[in-house]
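Per this note's numbering, the very first residue in the sequence shown carries number 80; after that it's consecutive. All residues carry an ideal CB built from backbone N, CA and C; glycine is no exception. Model, not experiment: these values are computed from the prediction. Data block below; observations after.
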Amino acid sequence: MSRIARRFASLRQQGRGALIPYVEACDPDYDTSLAILRGMPGAGADLIEVGVPFSDPSADGPTIQKAALRGLKGGSSMKRVLEMVRAFREGDDETPIILMGYTNPIEAYGPERFCVDARKAGVDGLIVVDLPPEESDLLAGPAAAAGLDIIRLVAPTTPDERLPVVFSGASGFVYYVSITGVTGTRTASTDELALALPRLRKATDLPIAIGFGIRTPELAANAVRVADAAVVASALLNTLETTLDEEGKATSRTVPAVLEQLRGLADAVHAVKK
């Protein structure tokens, strides 16, 4: 059983949902992002998404775009991202790590080499935003051979007849993009979420995580009332950005501020009994 499957099984036994925070690699520098990553489990993270900075995103809103550019400026590369995960694994062998990014850096690295190196580093799953199921053979074989979960995205506009295509070969969990648009721009209502989840449950037995627009503890708690996990990204990156100095460098407030916000989100999520 993979780390992701074990974590969701454990949470089901505990009767609670998961909080999945996001950290952009090398934002604003390697050491700061690693410190945030290392601090996340203690602050309440159940699983963690690590963003792979990319210059030409298609789904990320302004906040994550700025974080990605800071990450690239801070020295990010695929090799550096995997080094960061490897360093995290020196002190934590249990918390699932999911890389979230785009096809181009993986293709440039080499899909087979990437999957082997990602697994060796301690990565558990991949979310590749711009890789549709029809093109998934690029990663499907290498990921399966390496024991990496391929986590698929589903949107409110995904028709019922397409769900079997999307879920074919998916593992780990399903990422439900709760809005039409890019990250961090608006929030789906509780009623919208309640209507959306039943049709997904009919199509898959995988856990469902809700992302895009989860900004506050209240919204995160509402998400896990209907789904299995809440993903929080832009809200944490906004906080990080407010702590940077005039040159865009980390300050003494950067790591503590992000982790304190994460604790508040985790408290709200973990208080919801399922």
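DSSP lists Val253 as the bridge partner or partners of Arg231. When secondary structure is reduced to three states using DSSP, Ile176 falls in the strand class. For the options Gly150, Ala282, Arg294, the alpha carbon positioned closest to that of Pro238 is the one of Ala282.
Around the beta-carbon of Glu128, 16 or more other beta-carbon atoms lie within 10 Å, marking it buried.
Bridge pairing for Tyr101: Glu128 [DSSP]. With 16 or more other CB atoms across the displayed protein chains lying within 10 angstroms of its CB, Gln144 is buried. Taking 8 Å as the upper bound for CB-CB distance, Ala147 and Phe133 are in contact here, some 6 Å apart.
Rounded to whole angstroms, Ala88 and Glu325 show a C-alpha spacing of 45 Å. Segment contact: the segment 116-125 against the segment 331-340, three or more CB-CB distances shorter than 8 Å; contact assigned. In the three-state reduction of the DSSP assignment, Leu217 falls in the helix class, which pools H, G and I.
Taking 8 Å as the upper bound for CB-CB distance, Leu272 and Val305 are in contact here, some 5 Å apart. If the five residues before and after Arg198 are omitted, its C-beta is found closer than 8 Å to the C-beta atoms of Ala225, Gly226, Leu227, all from its own chain and listed in chain order. Each residue's CA atom was taken as its position, placing Glu240 and Arg231 some 16 Å apart.
DSSP places Ala306 outside both helix and strand once states are collapsed to three, so it counts as coil. Thr333 is a Cβ neighbour of Leu319, given a cutoff of 8 Å. At a Cβ-Cβ threshold of 8 Å, Val164 and Val202 count as neighbours. For Ile206, the enclosing beta strand (DSSP E) starts and ends at 204-207. DSSP, read as helix, strand or coil, puts Ala347 in helix. Using a Cβ distance threshold of 8 Å, Ala312 and Gly343 do not count as a contacting pair. With contacts defined by Cβ atoms closer than 8 Å, Leu218 and Pro190 form a contacting pair.
Bounds of the alpha helix (DSSP H) holding Gly150 are 141-152. Taking C-beta separations shorter than 7 Å and ignoring five residues to either side along the sequence, the partners of Arg278 in its chain run Asp239, following chain order.
By alpha-carbon distance to Leu98, the top candidate from Leu315, Pro136, Asp171, Thr142 is Leu315.
For Gly290, there is no enclosing alpha helix (DSSP H); the residue is part of the beta strand (DSSP E) that begins and ends at 287-290.
Per DSSP, Lys352 is not a residue of any alpha helix (DSSP H), being assigned neither H nor E.
Apart from the 5 residues on each side of it in sequence, Thr111 sits with its Cβ closer than 7 Å to the Cβ of Ala329, Thr333, Val334 in its chain, given in chain order. Listed as beta-bridge partners of Val311 by DSSP are Pro100. Contact check for Pro175 against Arg82 passes: the beta carbons are separated by less than 8 Å.
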